[in-house]
DNA sequence: GTCTATAGCTTGATAGAC
DNA sequence: GTCTATCAAGCTATAGAC
């Protein structure tokens, strides 16, 4: 006889709502999706969204927060696992790799999540409420890592280099397909693995040029 | 006696609607703004939005297209004005400078426009319809310039480097204020001039590392 | 925890007078 | 070109039966 908590064959109602909300919010952002669409996509009744999550805004917050903790735990662990004197490439890899890994192999939920984060990272409306509150701890750990490599770099140079990294990373996770069109099909937005293989050296070179007084290190 | 066309003291109704729509769309994106909010902000009657621009979607397209032509004309001219053998820095400056210049000194309309472009560039929903159709010509001219500097670089390397550039540029124009918080007030998202002074060398170093087989050029 | 029913409001769009 | 008035549809949120 199976125990109680795995008697259900599919996921719980709350998880079904989160999954549907995540998918639809990633496609059309907060105001482009109604609770009706979400519950229809989830196959549950309209009232259940409010019962489980309260207001629409609270549901949106819940979607963002659901995956943030486990993702950031892994990123923090990767940053802490680095050697005393890591290379810039290792540092950037630790910061961006776990996100990539999940977008690539974590299933459609993680892919939607990455797209959603890409949009809120470029929207003043959500940056303070959701980006900063959920992702600034890892960001500070990364900045501290850069500081460890370049003890004499100016604060501003490190922060702005980090800002460019976030821009390159988020537009990559957005998978807009623009480069596919621009390159006449030679590049593919969904081919994250080969993109990151170029992104890390590209960004490392930028950090080096901005944060290292000479071109050593 | 003044001629007819400058008899009006303020801008036309259509322009007032475009200005209001641009400002509000930049703050809350397409679905976060109603036609009622736009016409209220513009100080005109609700029905006039539909009279002048048709559907809400057509108004949104009109907002994006209004400034695209003059902006891209200037960017194309800057790219064509370059010498036979421009540096990467000159090339990136020609591509990004006119946008920066208008966001900095073109008035609040251009600032809103830059924020709006930043959001649609990271949204799969609008990329094909609005980004590609309006901005791919300049993008192709820039890519051709990089090709001129690195004749033997792989297509993919150039396109992905360009993709990272667009990500860094758009998140900069978004002015989300995240780095302000992260740096505890040492950096300011609105200080575009000093950001670009760092962005161009940062990106040039990335292009060099990715597109130049050795580290010369 | 789930369902039905509905209140109360806002939305995009238009018809018709001026 | 502008204004008033309005329609049909969709929206969030909740109350109350089961």
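Protein chains in written order, with the working numbering: chain A, 77 to 293; chain B, 77 to 293.
Built from N, CA and C at the ideal position, the CB exists for glycine as well.
- Chain A places a beta carbon closer than 7 Å to that of residue 258 (chain B), counting this residue as a contact.
- For residue 89 (chain B), the closest of B:125, B:246, B:108 by C-alpha to C-alpha distance is B:125.
- For residue 254 (chain A), a Cβ of chain B is located within less than 7 Å of the residue's own Cβ.
- For residue 198 (chain B), the secondary structure class from DSSP, reduced to helix, strand or coil, is coil.
- Taking every protein chain shown into account, the CB of residue 261 (chain A) has fewer than 16 other CB atoms within 10 angstroms, so this residue is exposed.
- Per DSSP, residue 130 (chain B) is not a residue of any alpha helix (DSSP H), being assigned neither H nor E.
- The Cβ-Cβ distance between residue 242 (chain B) and residue 234 (chain B) does not fall below 7 Å.
- Its Cα nearest to that of residue 278 (chain B), the residue A:285 stands out among A:285, A:275, A:274.
- Annotation for residue 248 (chain B): the continuous alpha helix (DSSP H) segment containing it runs 231-250.
- Short of 8 Å from the beta carbon of residue 104 (chain B), and not among the five residues preceding or following it, lies no beta carbon of its own chain.
- Here DSSP, grouped into helix, strand and coil, assigns residue 178 (chain A) to helix.
- Think of a sphere of 7 Å around the beta carbon of residue 195 (chain A): the chain B residues whose beta carbon falls inside it are 198, 199, in chain order.
- Not a single CB atom of chain A sits nearer than 7 Å to the CB of residue 218 (chain B).
- According to the DSSP assignment, residue 115 (chain B) belongs to the alpha helix (DSSP H) that extends over 111-118.
- A Cβ-Cβ contact shorter than 7 Å links residue 194 (chain A) with residue 246 (chain A).
- Among the residues facing chain A, residue 96 (chain B) is not included, as its CB has no counterpart in that chain under 7 Å away.
- The alpha-carbon of residue 171 (chain A) is positioned some 11 Å away from that of residue 149 (chain A).
- For residue 232 (chain A), the nearest beta carbon of chain B is closer than 7 Å to its own beta carbon.
- Separation of the CB atoms of residue 215 (chain B) and residue 282 (chain B) is rounded to 17 Å, and the pair is thereby denied contact status at 8 Å.
- The Cβ of residue 131 (chain A) sits no closer than 7 Å to any Cβ of chain B.
- Neighbourhood of residue 107 (chain B) in chain A, by CB distance below 9 Å: 104, 105, 106, 107, 108, 109, in chain order.
- By the beta-carbon neighbour count (other beta carbons within 10 angstroms, threshold 16), residue 203 (chain A) is buried.
- Closer than 9 Å at the C-beta level to chain B, one finds these residues of the stretch 172-195 of chain A: 191, 194, 195.
- For residue 266 (chain A), the nearest beta carbon of chain B is not closer than 7 Å to its own beta carbon.
- Taking 7 Å as the upper bound on Cβ-Cβ separation, chain B lies near no residue of the stretch 143-167 of chain A.
- C-alpha of residue 224 (chain A) to C-alpha of residue 161 (chain A): approximately 8 Å in a straight line.
- A direct Cα-Cα distance of roughly 17 Å separates residue 165 (chain B) from residue 268 (chain B).
- The alpha-carbon separation between residue 97 (chain B) and residue 132 (chain B) amounts to approximately 10 Å.
- Within the same chain, and ignoring the five residues on either side of residue 127 (chain B) in sequence, no residue has its Cβ closer than 6 Å to its Cβ.
- Separation of the CB atoms of residue 249 (chain B) and residue 154 (chain B) is rounded to 17 Å, and the pair is thereby denied contact status at 8 Å.
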